[in-house]
Structures are given as C-alpha cells and as structure tokens.
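Residue numbers (our numbering): 63 to 412.
We put the CB at the ideal spot given by N, CA and C, even for glycine.
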Ligand code: NCD
Ligand code: ZN
Ligand code: ZN
C-alpha cells in the first residue's frame, strides 16, 4: 500500500561540527530508508545555528549533501532576538532549549524566554525543549504572549495531561511524541545506551501517552545520533537514532491493533505539514508491505550512529520503496538518491 512521503520535524544532522556522529549525506539516507522525504534539522550544532552566517553555512552543507528535502531551525540565544527574527522567513522555525540537553544552547532566565516569545513572528513556528514544570512555564508564556507554541518530545503522563487541559482552554499548543518514548521504558536499556533527554520514562507514562493519543499532534523521531563508542560510556551523551526504525515500529503497532493507520498517517504527514507550513511534494510516496516481517538491526542502517535502541525487535510492516518527485530514491534496501539531490523545503527560504 502507498503512504504519503513522511515529514520529520525533529532531527539532528550533526553538521556542522560533529560529522563523525552523522552528516547530511548519511542522515538524509537514513531518512529516506525510513520513509521520510522531508526533515527539519535542529540548531544545536557546533557552531550552533544562531545567526544569518551560521544559517547560511548550514544550508550550504545541506545543499551539497542532502538526499531528501530539508529545512533548518535557528536556536534562541541570550542576545540574538533581533537577529533571529530578521531570519524568520529563511528558516523553518525557532527552537528554545529551556532545560539542559545535548549542545551549547540553553536559556535559564524566563525573561530571556519572554523576549523570544515576543520577538519571534506569531505566524512562524516556535518550538521548545521543556520538561515537566518547565513545560508548564512555557505554556504559560504562550498564553501570556497569545501565540502558538510547539512542544517537542513530550514524554510523561503529567505533561500530556497538562497539554490536554491547555488545549481544552483554547491555547494554541501543539505537541510531538517520539517512538522511543512510546515503545521503551527506563528499564529497557542499560547504561549509557538508555541516556536520552527527556529520559525514558515509566510504563505508567508510556501508557498515558497511548491513552491520550488524541492530544498528540504529530510523531517526531528526535533522531539524535551518537556513536556506539560514545554511547557505551557511562557518561554517554543523551540521544537515540530513530529515522530508520520509526515507521516499522508504528506499522507493527498497527498490525497489533494498538494504532489505526488513520491515527498514524496524519501524525507523520498532514498534521506536521500544517503545523510547520511544509509544502506538498508532488509525485512523492512510500510503498509499504503491511504483512511482511523483519527484525531491526543496526547492520542495515545508513546512520553513522551504528547502533539502535530497538536492536533485535521483530517488526511487521516493511518499507519497499520510496518515490520522491517521481524518482525512486529507496528500493530493495538501497538508497538511490545522490547527495545534493534533496531540496530546501521552500525554495524561497534563502
Ligand atoms: C538531543 C541531541 O543529542 O542533540 N538529545 C536527546 O537526548 N534528545 C538533544 C535534544 O533533542 O534535546
Ligand atoms: Zn530536546
Ligand atoms: Zn532533539
């Protein structure tokens, strides 16, 4: 059967600065192998994407190497409110890191958040990494400034219930959930392998996410590759690769009756398209065999991460082929699109 080309609004391509973890060529190959034809890249690179020159550098790298279509977020810093807002039409959104995670960007003072909530154009996507009570504070700030806000990687029962209440009140909140927070709990992965931000949570939290599916606007992989060398250390950096495993995991849930295709497809395409203003790609689709089975193994992946938190898992639902703008870009397990064939999601962005 055919699905639309999928959109991932939350990936880390690691360029510039950490191309030993991933680069645009490998990360976008992983995207296509996972059925994602459009990806939105986070700004927590080295250097971080916080001004016009660094945005230009990011687009130059992606333009040379990406095999799927792409867009780039900018990161909110202490003194770049004016700078990022002048670039608002050139990037896909502004990201605020309000809690500690991987990378150099973090805003501690609520007055600094407020400046960005006010300065960033109301019609452009604003995304926060905010956990627990920080998430509550971010929702309050969206209410105060009367603007839309997208909450990245929601992971707990208390968060999803708060979002339900905020939406009921009419606040312009949207949210995403990752496959690892839907399919794994804290006990599943020993040592550094299990490190992620937000952390993997309890079964009670996982159940609450599934029970409140109607509150979840979209699924995002938060593809955050770190190498196996890095992940096997006890002080491992947080993050999981996820582009290649997301759709097989979700299709397995469909085959088990835990999810309907009608619940799945909008959360990987049309809802995401609407929230982030991502254009439709003509003649673009993903062909899947819903009955074929496979097992997840790092060996068949394109990401430089070289490992997966889902190693050995049996899945039902296999990606046979991906077609982008009428051209087969993934078939029989091979990525066919060359580096540089991906396009900026909106040609008018630069
Ligand atoms: C992300 C990364 O490695 O860039 N890590 C993670 O655990 N999710 C950062 C982030 O998305 O918070
Ligand atoms: Zn995050
Ligand atoms: Zn992330």
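Between ligand 2 and the CB of residue 135, the shortest heavy atom gap is not smaller than 8 Å.
Counting C-beta pairs with one atom in each stretch, the segment 339-354 and the segment 65-85 have three or more that are closer than 8 Å, which means they touch. DSSP, reduced to helix, strand and coil, places residue 407 outside both helices and strands of the structure shown, so it counts as coil. Taking the CA atoms as reference points, residue 244 sits about 24 Å from residue 187. The closest heavy atom of ligand 2 lies less than 8 Å from the beta carbon of residue 214. In terms of Cβ geometry, residue 334 and residue 280 form a close pair [threshold 9 Å]. Taken atom to atom, the span from the alpha-carbon of residue 380 to that of residue 317 is near 12 Å. Residue 125 is positioned such that its CB atom lies no closer than 9 Å to that of residue 319.
By the Cβ rule, the segment 272-291 counts as touching the segment 359-375, because three or more pairs are nearer than 8 Å.
Boundaries of the alpha helix (DSSP H) harbouring residue 172: 172-181, taken from the DSSP string.
Following the DSSP letters along the chain, one finds residue 267 inside the alpha helix (DSSP H) bounded by residues 265-273.
The beta-carbon distance between residue 87 and residue 108, rounded to whole angstroms, is 18 Å. This is too long to meet the 8 Å contact definition.
DSSP places residue 213 in the strand class (E or B) of the three-state scheme. Bridge pairing for residue 86: absent [DSSP].
For the pair residue 131 and residue 406, the CB atoms are nearer than the 9 Å cut-off. Secondary structure within the segment 184-255: the beta strand (DSSP E) runs of 3 or more consecutive residues, fully enclosed, are 188-191, 211-213, 235-239 (chain order). Residue 70 has 101 as its beta-bridge partners, per DSSP. Beta-bridge analysis with DSSP links residue 385 to 347, 390.
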